[in-house]
Amino acid sequence: MDYWLQISITVEQPAVQRITEAMDGLGAVAVSRQHAGGSARFDTALSDFQGWSTENVSGLFPPDADQKTICNYLHDASGGHTGINCQILADRNWERVSRDQFKPVNVEGDLWICPSWCQPPVPTAVNIIIDPGLAFGTGTHPTTALCLRQLNKIDLSEHTVLDWGCGSGILAIAALKLGALRATATDIDPKALSTTLQNGLNNEIGDQLTVETPEQIVSPMIFDIVIANILAHTLIELAPRLNSLLAADGMVLLSGVLGAQAETVCAAFGPGYTFDTVPADEWILLIGTRTTCRPIKHDV
Numbered sequence: 000m001d002y003w004l005q006i007s008i009t010v011e012q013p014a015v016q017r018i019t020e021a022m023d024g025l026g027a028v029a030v031s032r033q034h035a036g037g038s039a040r041f042d043t044a045l046s047d048f049q050g051w052s053t054e055n056v057s058g059l060f061p062p063d064a065d066q067k068t069i070c071n072y073l074h075d076a077s078g079g080h081t082g083i084n085c086q087i088l089a090d091r092n093w094e095r096v097s098r099d100q101f102k103p104v105n106v107e108g109d110l111w112i113c114p115s116w117c118q119p120p121v122p123t124a125v126n127i128i129i130d131p132g133l134a135f136g137t138g139t140h141p142t143t144a145l146c147l148r149q150l151n152k153i154d155l156s157e158h159t160v161l162d163w164g165c166g167s168g169i170l171a172i173a174a175l176k177l178g179a180l181r182a183t184a185t186d187i188d189p190k191a192l193s194t195t196l197q198n199g200l201n202n203e204i205g206d207q208l209t210v211e212t213p214e215q216i217v218s219p220m221i222f223d224i225v226i227a228n229i230l231a232h233t234l235i236e237l238a239p240r241l242n243s244l245l246a247a248d249g250m251v252l253l254s255g256v257l258g259a260q261a262e263t264v265c266a267a268f269g270p271g272y273t274f275d276t277v278p279a280d281e282w283i284l285l286i287g288t289r290t291t292c293r294p295i296k297h298d299v
């Protein structure tokens, strides 16, 4: 392909993840984020969030993409924003650019995230080998890092885990590497499912990882821990379904939530939980433990 269609929009921080996901769902082969005067950050290799009030989000689309449909969708998703720019770009190796920006990351302690094309800096550590492909999830975005750090604190032995909105599969794979018995990963994006399957093979976790479409995740499936690193409004919509999939003494890890949204998200899951919060910049991880039966054990 000799050229690409680039569609860009500048939005306030709370809308950035929503616009990024919208572009991906509309067929973008790469999505970048840029602060005025800053350098682009690809959604397959996000660097640490800097707390910018606004960001420019750019999607790279095939030249035959339906420009009008994409712009209309982004207009609605951004709350009526009119500053949408379109331009034609010459071809370049966008996947290579993304790879160059994704380096090994020490999450905390012995937990590392390593690209599949790099040698782990600490071979004896708990290394999560990830090739994000075109799926979101390298472990460096605050919402993902919050989940990873919490998983590292939980005694996962003999527990089953559901990763809803799995992206690259990083959280499901991390749970297994940290001792979970089995993990199931699901996403509405077929690219995420295929990427998760490949990353499972890269991490040699065998048949402990199951990858399913959301339609395949049905009762009587029950999980000890349910992780959902997605947008707040999606968490609210999914609350009844996630509740039905969680064990009576289970735990939910809910990320992708801004501080101002935390109370509403907690309320959507009902009164049967005790919620703790862990902040990172503007983001909040909600840790909900069902208040019946035995609690899941934490390491001291």
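Take 0 as the starting number for the sequence shown in numbering that gives the first Met the number 0 and just add one per residue. Glycine included, every Cβ here is placed at the ideal spot set by N, Cα and C. Here the structure is a predicted model, which is why all the values come from computation and not from measurement.
Sequence-distant residues of the same chain with beta carbon closer than 8 Å to residue i, five excluded per side
i      : result
Ile18  : Ile8, Val10, Val56, Leu73, Ala76, Ser77
Cys265 : Tyr272, Phe274, Leu285, Gly287
Thr276 : Ala261, Ile283, Leu284, Leu285, Ile286
CB of residue i within 8 Å of CB of residue j, strictly
i      : j      : result
Asn228 : Gly164 : yes
Ile129 : Leu170 : no
Ile216 : Ala267 : no
Ile172 : Ile221 : no
Thr143 : Trp282 : no
Ala174 : Leu192 : no
Gly24  : Ala64  : no
Cys146 : Leu252 : yes
Cys70  : Ile87  : no
Residues that residue i bridges to, as DSSP identifies them
i      : result
Met250 : Ile224, Thr288
Phe101 : Phe101 is not bridged to any residue.
Arg148 : None, per the DSSP bridge assignment.
Phe274 : Gly287
Thr183 : Leu161, Thr209
Pro141 : Paired residue(s): none; Pro141 is not in a bridge.
Pro219 : Answer is none; Pro219 lacks a bridge partner.
Gly58  : Ile6, Val30
Spatially closest choice to residue i from the options, by CA coordinates
i      : options                        : result
Gly168 : Gln197, Asn126, Phe60, Ile83   : Gln197
Val256 : Thr123, Ile221, Pro278, Phe101 : Pro278
Ala246 : Glu214, Val104, Gly258, Thr290 : Thr290
His158 : Gly166, Cys146, Ala179, Gln118 : Ala179
Thr53  : Asn202, Ser218, Gln16          : Gln16
Thr68  : Ile6, Cys117, Leu230           : Ile6
Cys85  : Asp248, Glu107, Pro141, Pro62  : Pro62
Thr123 : Leu161, Val160, Leu88, Lys176  : Lys176
Thr195 : Ile224, Asp162, Pro219         : Asp162
Pro213 : Leu25, Leu237, His80           : Leu237
Pro219 : Asp188, Arg240, Asp23          : Arg240
Asp109 : Asn126, Pro103, Gln118, Cys117 : Asn126
Thr183 : Leu145, Val210, Gly82          : Val210
Asn202 : Pro119, Gln12, Trp3, Ala64     : Pro119
Leu230 : Trp3, Glu20, Tyr2              : Glu20
6 Å Cβ shell around residue i - same chain, five flanking residues per side excluded
i      : result
Gly199 : Leu208
Val28  : Leu59
Arg148 : Glu107
Met22  : Val30, Gly58
Asp223 : His158, Thr159, Ala246, Gly249
Same chain only: Cβ atoms within 7 Å of residue i, ignoring 5 sequence neighbours per side
i     : result
His80 : Ile8, Val10, His74
Practice prompt. Count the C-beta pairs between the stretch 18-34 and the stretch 106-122 that are closer than 8 Å, then say yes if the count reaches three, no if not.
Written response: The stretch 18-34, when compared against the stretch 106-122, does not touch it at the 8 Å Cβ threshold.
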